[in-house]
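Undergrad: Pasting a structure below so you can have a look.
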Amino acid sequence: MADRFQELLEELRQGVTEYDEERVKVAAQAVLDEGFDAYDAVMNGLAAGMEEVGRLFGANEYFVPEVLMCADALYGGLEILRPHIEVDPSRQVKGAVVIGTVEGDVHDIGKNLVKLMFEIAGFTVHDLGRDVPLEKFVEEVLSTDSDFLCMSAMMTTTMGGMKQVIDQVRQKNPNVKIMVGGAPLTGDLAQRWGADGYGKDAPNALQEALRMVGSLREMHQEAAKGG
Amino acid sequence: MLEREITQAALAAGAEAVGFGDVSEGLYPEFGPLIRAVSLGCGLEASGGRVRFPDAAATARLATAARAVAGVLRRARRRFFILPAEPVRQPCYCAALYDRFSHKVAATCAGLGWIGKNGLLVSPQLGPAAVWATVLTDAPLAVGEPMLQGRCGKCDACRRACPARAMRGRQWRRGMQLTDLLDLDACRRHLGRQADRECGRCMAACPYNFAATPRKRTALR
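Sequence lines, in order, name chains X and U.
If you use this note's numbering, the first sequence corresponds to residues 12 to 238, in order.
If you use this note's numbering, the second sequence corresponds to residues 111 to 331, in order.
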């Protein structure tokens, strides 16, 4: 039984890393049909596969087209599994994230991948889309009481807006975790602006999102144990 | 070898035109090493002199053909990326790259056709009334002789047929923008006035549009 589940997890992982959507869908359906845990399959199958994709991209074995195909394969499996995830407060993160690309910027590949990672982790995602006015980010974070704010910019001319948003959000709610990304940024700059996370490009942003989601989940688990 | 396998797979899946092109020039850097294109075409259904667009059957055949080509490339352990025929159905992550490549580039690089004075891809095999899909790959495919300029000659049937007078009547050369050939705003304004948002007269008037007007082809020669 356990062996069979391991086998299916491996199928999901490989289906994602080899961008084989059909294979992912078949394995996801098998997870449900054979009575295994959907949440476990998402985290240790689909998400684990995507982590490997991030590594392959970092090693220059994968390029942007492959990463996007992997994301589509993952999503095919997620659509099947997600309705069957049982909400268990001890492991499910209850949180919300606001995400978008800043005013003047329409490049949203990285933004969409990060969004996917938050969706997988069970977050409510408020996607503001592309070319979002700066004040909209601040408003949305406050009105939805979100835990995370993710912004990206691909151009040096637009990235400065992110600093303004960080300052304004921090003034009103210092606990919001903020992640920024995009080619013109550096980790150093992101840190100086007061961001908690930084993703250089789409797959790196994805790894960073997984890390941040992971650390938040640990915090929740600690809190659950303590309480 | 691989070329033949790809061609057979594509034709068996319903594509009507298959060619290979070197698309490295001007390719968006996001595509990385995917500098070869497999160009796939399928003629549109025509009835009563009118061409059907969108033609769901043709689009579906091209989708099947593109998947078949990708399957051959996967088995050959080559990289691939499918750019589906328009209009694209569901939203997906891959769509982020769809508007960064033109099927016309793939088809002209593969030598399957040229850009007519109407801005449409004109293929001697399929005419202007066709849909196209592309599979980009890093496989070192033997490529066709690219079309570098239009072969419309003195014909300006499309320009004369255009109710918006959008065509400038210029012969296409590689590197030209669509706006060099057409007044796109004039075309859009006209389409906006049409109840069904269709016009297609530039397609129907083309002597290569044998589906709709089989006679005219001889007239051109």
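Note that the Cβ used here is the ideal one computed from N, Cα and C, for glycine as well.
All values derive from a computational prediction rather than experimental measurement.
What residues in its chain sit with their C-beta under 8 Å from that of M165/X, if we drop five residues either side in the sequence?
TA: Position 154 of the first sequence, counting from 1, holds the residue named residue 165/X. Correct list, in chain order: T112, D116, H118, G193, A194, P195.
Undergrad: Hey, out of E72/X, Q182/X, A220/X, whose CA is closest to V191/X's CA?
TA: Position 180 of the first sequence, counted from the first residue, corresponds to residue 191/X. Measuring from the Cα of V191/X, the nearest candidate turns out to be A220/X.
Undergrad: Closer than 7 Å, Cβ to Cβ, to anything on chain X: give me those residues from the segment 199-211 of chain U, in chain order.
TA: C202, Y203, C204, A206, L207
Undergrad: Could you spell out where the alpha helix (DSSP H) holding K188/X opens and where it closes?
TA: Your numbering for residue 188/X matches position 177 in the first sequence. No alpha helix (DSSP H) holds K188/X; the beta strand (DSSP E) holding it covers 188-192.
Undergrad: Hey, out of F163/U, A315/U, L193/U, whose CA is closest to V245/U's CA?
TA: Taking the second sequence and counting its residues from 1, one reaches residue 245/U at position 135. The shortest C-alpha separation from V245/U is found at L193/U.
Undergrad: Using a 10 Å radius around the Cβ and a threshold of 16 neighbouring Cβ atoms, would you call K214/U buried or exposed?
TA: Stepping through the second sequence from its first residue, residue 214/U is reached at position 104. Buried.
Undergrad: Looking at the unbroken beta strand (DSSP E) that takes in V117/X, where does it start and where does it end?
TA: In the first sequence, residue 117/X corresponds to position 106, counting from 1. Careful: V117/X lies outside any beta strand (DSSP E) and carries neither H nor E.
Undergrad: Could you compute how far the alpha carbon of C204/U sits from the alpha carbon of L124/X?
TA: Translated into the one-based positions of the second sequence, residue 204/U becomes position 94. Translated into the one-based positions of the first sequence, residue 124/X becomes position 113. About 11 Å.
Undergrad: Compute the Euclidean distance between the alpha carbons of E140/U and G131/U, then round it to the nearest angstrom.
TA: Translated into the one-based positions of the second sequence, residue 140/U becomes position 30. Translated into the one-based positions of the second sequence, residue 131/U becomes position 21. Between E140/U and G131/U, the C-alpha separation is close to 18 Å.
Undergrad: Can you pull the DSSP bridge partners for F191/U?
TA: The sequence position of residue 191/U within the second sequence is 81, counting from 1. L246/U, per the DSSP bridge assignment.
Undergrad: Expressed to the nearest angstrom, what Euclidean distance is found between the alpha-carbon atoms of V180/X and E150/X?
TA: The sequence position of residue 180/X within the first sequence is 169, counting from 1. The sequence position of residue 150/X within the first sequence is 139, counting from 1. If you take the alpha carbons of V180/X and E150/X, they lie about 9 Å apart.
Undergrad: Answer with buried or exposed for P76/X, where buried requires no fewer than 16 other C-beta atoms within 10 angstroms of its C-beta.
TA: As a position in the first sequence, residue 76/X is number 65, starting the count at 1. Around the CB of P76/X, 16 or more other CB atoms lie within 10 Å, so the residue is classed as buried.
Undergrad: Can you pull the chain X residues whose beta carbon is under 8 Å from the beta carbon of R189/U, in chain order?
TA: Numbered from its first residue, the second sequence carries residue 189/U at position 79. Result: F74, P76, E77.
Undergrad: Shortest alpha-carbon distance to N319/U belongs to which of D165/U, L301/U, G226/U, C202/U?
TA: Taking the first residue of the second sequence as 1, we reach residue 319/U at position 209. Looking at the Cα atoms, G226/U is the closest of the given residues.
Undergrad: Using a Cβ-Cβ cutoff of less than 6 Å, which residues in the same chain neighbour M257/U once the five nearest sequence positions on both sides are dropped?
TA: Position 147 of the second sequence, counted from the start, is the residue given in the question as residue 257/U. Cβ within range, chain order: T218, G221, W224.
Undergrad: Listed in chain order, which residues of the segment 112-145 of chain U have Cβ atoms closer than 8 Å to some Cβ of chain X?
TA: Listed in sequence order: E140, F141, G142, P143, L144.
Undergrad: Identify the continuous alpha helix (DSSP H) that holds C313/U and give its terminal residues.
TA: Locating residue 313/U in the second sequence gives position 203, where the first residue counts as 1. Inspection of the sequence shows that residue 313/U is occupied by Met rather than by Cys. Start and end: 311-315.
Undergrad: For I225/U, which of helix, strand or coil comes out of DSSP?
TA: Locating residue 225/U in the second sequence gives position 115, where the first residue counts as 1. Looking at I225/U - three-state DSSP - the assignment turns out to be strand.
Undergrad: Going along chain U, which residues have a C-beta under 9 Å from M165/X?
TA: Along the first sequence, read from residue 1 onward, the residue named residue 165/X stands at position 154. Under the 9 Å cutoff, chain U gives no residues; its nearest Cβ is about 11 Å from M165/X.
Undergrad: Could you round the C-beta distance between G55/U and L236/U to whole angstroms and report it? I think they count as a contact, below 8 Å.
TA: Nothing in the structure corresponds to residue 55/U, since chain U is present only between 111 and 331.
Undergrad: Judging by CA-CA distance, which residue of V253/U, R280/U, L207/U, W242/U is the nearest neighbour of P164/U?
TA: Residue 164/U sits at position 54 when you count from the first residue of the second sequence. Taking only the C-alpha atoms, the option nearest P164/U is W242/U.
Undergrad: Classify T197/X as buried or exposed, calling it buried when 16 or more other Cβ atoms lie within 10 Å of its own Cβ.
TA: Within the first sequence, residue 197/X is the residue found at index 186, counting from 1. Per the 10 Å Cβ criterion, exposed.
Undergrad: Compute the Euclidean distance between the alpha carbons of L251/U and Q259/U, then round it to the nearest angstrom.
TA: Looking up residue 251/U in the second sequence gives position 141. Looking up residue 259/U in the second sequence gives position 149. One C-alpha to the other measures close to 23 Å.
Undergrad: Taking Cβ positions, are G151/U and S233/U nearer each other than 8 Å?
TA: One-based indexing of the second sequence puts residue 151/U at position 41. One-based indexing of the second sequence puts residue 233/U at position 123. Yes, the Cβ-Cβ distance between G151/U and S233/U is below 8 Å.
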